[in-house]
Amino acid sequence: MSNLHTELQRRRTFGIVSHPDAGKTTLTEKLLLFGGAINEAGAVKSNKIKKGATSDFMEIERQRGISVATSVMAFEYQGKHINILDTPGHQDFAEDTYRTLTAVDSAIVVVDVAKGVEAQTEKLVNVCRMRATPIIVFINKLDREGRDAFDLLDEIESKLGLRLCPLSWPIGMGAQFQGVYDVWSKSLLIYDQVNKQKVAEGVAFSDLDNPELVERIGAKAAETLREELELVAGVYPEFDQDAYLRGELQPVFFGSALNNFGVRELLNCFAEIAPHPQPKAAEERVVHPEEAKFSGFVFKIHANIDPNHRSRIAFVKVVSGTFERNTNYLHVREGKNLKFSSPMTFLASKREVVEEAYPGDIVGLPDTGLFRIGDSLTGGESLHFSGIPSFSPEHFRFINNADPMKSKQLAKGVDQLMDEGVAQLFTLVANGRKVIGTVGALQYEVIQYRLEHEYGAKCSYEPFPAYKALWVEGKDAGQLAELERMKARQLAHDKFGRLVFLADSQFGLHMTQEKFYRIVFHEKSEF
Ligand code: G4P
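This is how it looks when you write it as structure tokens:
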């Protein structure tokens, strides 16, 4: 069998998503520890933006710089090559996270046992669901008092729209936490309350009626466990790998990342069931990973805004074939052939020049401004990968030129920053004014600062009364013309010329939807 086939079969590329503080960084670190990619806890720098630092975006950028190094963390485990794609935890960078999720083949969702489903979890899981990404749920912090497991699973199912299948089950919680029963491997994992960080070894335990269970966890806990597992078997569907791979069933594990507890069990199951890179749709055709010719797409661009080390890195996910250093590839949008002498991979906190990469891998290409999010790179064929949609921003402001002598610089700066995906630009249909939409208010400062320092342009902002952007699909020419006439002030074109309705309120949107019932208002740019 070809090398390409073998390599792609063993690739597992995934992202961990969670609300900040649920334990994403800790879990990432523990996975790397088990994978032998790092030797000590604390080696993965948190890309978390410290609370209270939100007004100081240079500090945030500094921390974001750290996160470049941890953008992709690769390690080998049980013959699998695992790529973890890091997702920024700070919600002002949520757009970055959405895009990263377009490059993963599966996801692990971390939920804090005490806090349950939080806002950011909901948004991110929604993005996964839109793409039918296979998900495994990890319920974390079992060493603390938390919610009743059944209630929590109910909440996860109803709020996140998932169909769960517990593959492990907790025995007590907080001070009473004794461990988990691993349904997947039919073993008992005992938590050491004294030596908490000790990695527990699972004991094979296929028969829960075995009296040894009582010896190990006590009569009361054994009875509860038996009852609960019976209930679990009655209420939840059996594990079905195909359903998981289709995004229709989500296995659940319980544990405590901080205490190394339940992490290896999660990883074992992940390595076994998670998908290898899948075929990806381009506008022209579906591209299969085992095709000999390389193809890939840019899902993220990272710019270092430190003026002394200005640089951009375009992150490319390999979709098919083998990517090779110093080989000519077609930058489809530009129609240019490009060769890369120092493409990078990222291994824990190290960057290395990579000679070749396989489907599922992420390659970092040094970029001088040629790339835009969503660009395709191929071995010669004209392919346009779809599936990097824009989502509605949450903040909107007019952008004005504050230095009339520098309007060219401003236009260029805004254009490039939008290519990087820092924010979205809308041009109002009525008067051509520009509105910038962002996921976090912080981005306005970032844009202003970067325009001034990188492009020598100055801008100012003015409030624009919108709460959501919706991409308009005008199925009825008559209604569309009517909408354009009546709502001209709220219609704009995005960077790609697509028509967008900038709703001023939920009520306003509702009224508009009722009136223009033959027009579809989409929450994302691809439909
Ligand atoms: P995030 O990346 O999702 O934002 O979360 P992170 O891993 O940074 O974890 C958030 C906090 O939760 C950290 O504490 C971390 O130590 C703690 N934590 C993670 N997993 C567990 C667990 O299984 N049990 C318990 N009890 N705590 C856990 P912190 O005090 O905010 O930070 P630190 O000073 O410990 O780094």
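Just so we're aligned, residue 154 is where the sequence shown starts under our numbering, counting upward by one. Cβ coordinates follow ideal geometry from the N, Cα and C atoms, glycine included. Owing to the predicted nature of the structure, the values given are computational and were not obtained by experimental measurement.
Any heavy atom of the ligand G4P closer than 7 Å to the Cβ of residue i?
i           : result
residue 176 : yes
residue 179 : yes
residue 564 : no
residue 224 : no
residue 412 : yes
residue 390 : no
residue 296 : yes
residue 546 : no
residue 348 : no
residue 323 : no
residue 173 : yes
residue 409 : yes
residue 293 : yes
Look at residue i and residue j and say whether their C-beta atoms are less than 8 Å apart.
i           : j           : result
residue 263 : residue 228 : no
residue 449 : residue 493 : no
residue 313 : residue 280 : no
residue 588 : residue 644 : no
residue 431 : residue 258 : yes
residue 614 : residue 552 : yes
residue 261 : residue 167 : yes
residue 170 : residue 266 : no
residue 247 : residue 575 : no
residue 342 : residue 328 : no
residue 567 : residue 531 : no
residue 516 : residue 496 : yes
residue 467 : residue 392 : no
residue 412 : residue 338 : no
residue 320 : residue 452 : no
residue 470 : residue 556 : no
residue 561 : residue 609 : no
residue 563 : residue 536 : no
residue 626 : residue 673 : yes
Would you mind sorting residue i into buried or exposed? The rule is 16 or more other CB atoms within 10 Å of its CB.
i           : result
residue 384 : exposed
residue 350 : exposed
residue 533 : exposed
residue 669 : buried
residue 165 : buried
residue 680 : exposed
residue 660 : exposed
residue 664 : exposed
residue 682 : Nothing about residue 682 can be read from this structure; the chain reaches only from 154 to 680.
residue 356 : exposed
residue 519 : exposed
residue 573 : buried
residue 208 : Caution applies to residue 208, whose pLDDT of 47 falls short of 50 and renders its modelled position unreliable; the value that the coordinates give is listed next. The residue in question, residue 208, is exposed, as its Cβ has fewer than 16 Cβ neighbours within 10 Å.
residue 200 : Note that residue 200 scores a pLDDT of 48, beneath 50, so its modelled location is shaky; the value from the coordinates is reported in the next line. By the 10 Å Cβ count, residue 200 comes out buried.
residue 584 : exposed
residue 161 : buried
residue 368 : exposed
residue 202 : Its pLDDT being 44, under 50, residue 202 is placed unreliably by the model, and the measurement read from it follows with that caveat. It is buried - the Cβ of residue 202 has at least 16 other Cβ atoms within 10 Å.
residue 445 : exposed
residue 508 : exposed
residue 667 : exposed
Please determine, among the options, the residue with the shortest C-alpha to C-alpha distance to residue i.
i           : options            : result
residue 434 : 615, 237, 559, 284 : 284
residue 325 : 336, 352, 297      : 297
residue 623 : 314, 333, 543      : 543
residue 159 : 422, 511, 577      : 511
residue 527 : 341, 345, 487      : 487
residue 443 : 452, 429, 420, 451 : 429
residue 240 : 653, 232, 225, 537 : 225
residue 616 : 550, 652, 399, 377 : 550
residue 173 : 470, 569, 293      : 293
residue 286 : 438, 256, 305, 300 : 256
residue 619 : 609, 642, 603      : 642
Could you spell out the range, first to last residue, of the beta strand (DSSP E) harbouring residue i?
i           : result
residue 334 : 332-335
residue 289 : 288-293
residue 265 : 259-265
residue 520 : 515-520
residue 626 : 621-627
Any heavy atom of the ligand SAM inside 7 Å of the beta-carbon of residue i?
i           : result
residue 613 : The ligand SAM is not part of the structure shown, which contains the ligand G4P as its ligands.
Please report the residue range of the alpha helix (DSSP H) in which residue i lies.
i           : result
residue 572 : 560-573
residue 359 : Looking at the DSSP string, residue 359 is not in any alpha helix (DSSP H), and its letter there is neither H nor E.
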